[in-house]
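Comments concern the structure below.
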Amino acid sequence: MDESGIHVECLKLAFPLGLQRTGAERLINLLSDHHSQAGADGHHAVVLEPYGYRWYRVGGLDYLLRRSEL
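The sequence shown begins at 1259 in this note's numbering and counts up by one.
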């Protein structure tokens, strides 16, 4: 990590979301096709390149198909 707090080497992160909802086992990358599927232990594993970042949403867009009118 440099003096600005930014990692200058690749960083591998493993984390659980801790959400109890359908679709929480899948993170959809909003900027590329590098999505994340939780492992058997419920953790997501993400590798960040130096100075890298990711934007994810929880679950896919299939909620549009399952929703009902109120």
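For each residue, glycine too, the CB sits at the ideal point set by N, CA and C. Bear in mind that the values here come from a model prediction, so they are computed numbers and not experimental data.
- Assigned exposure category for L1285 - 16 Cβ within 10 Å defines buried: Reading the sequence shown from its first residue, position 27 is the one you call residue 1285. With 16 or more other Cβ atoms within 10 Å, it is buried.
- Query: Quick one: is H1292 buried, meaning 16 or more other Cβ sit within 10 Å of its Cβ, or exposed?
  - Reply: One-based indexing of the sequence shown puts residue 1292 at position 34. Looking at its Cβ environment, which holds fewer than 16 other Cβ atoms inside 10 Å, H1292 is exposed.
- Task: With a 10 Å radius around its C-beta and 16 neighbouring C-beta atoms as the bar for buried, classify H1302 as buried or exposed.
- Result: Here residue 1302 refers to the residue found at position 44 of the sequence shown. By the 10 Å Cβ count, H1302 comes out buried.
- Looking at the unbroken beta strand (DSSP E) that takes in A1296, where does it start and where does it end? Position 38 of the sequence shown, counted from the first residue, corresponds to residue 1296. That residue, A1296, is in no beta strand (DSSP E); it is neither H nor E in DSSP.
- Cutoff 7 Å; reference F1254; Cβ partners in own chain excluding five residues on either side: With the chain covering 1259 to 1328 only, the question about residue 1254 has no answer from this structure.
- Item | Of the listed residues D1320, P1308 and L1323, nearest to C1268 (C-alpha basis) | Translated into the one-based positions of the sequence shown, residue 1268 becomes position 10. Per the Cα distances, P1308.
- Item | Residue nearest to G1314 in terms of C-alpha spacing, selected from L1289, L1323, Q1278 and E1283 | Taking the sequence shown and counting its residues from 1, one reaches residue 1314 at position 56. Note on residue identity: the sequence assigns Tyr, not Gly, to residue 1314. Nearest option by C-alpha distance: L1289.
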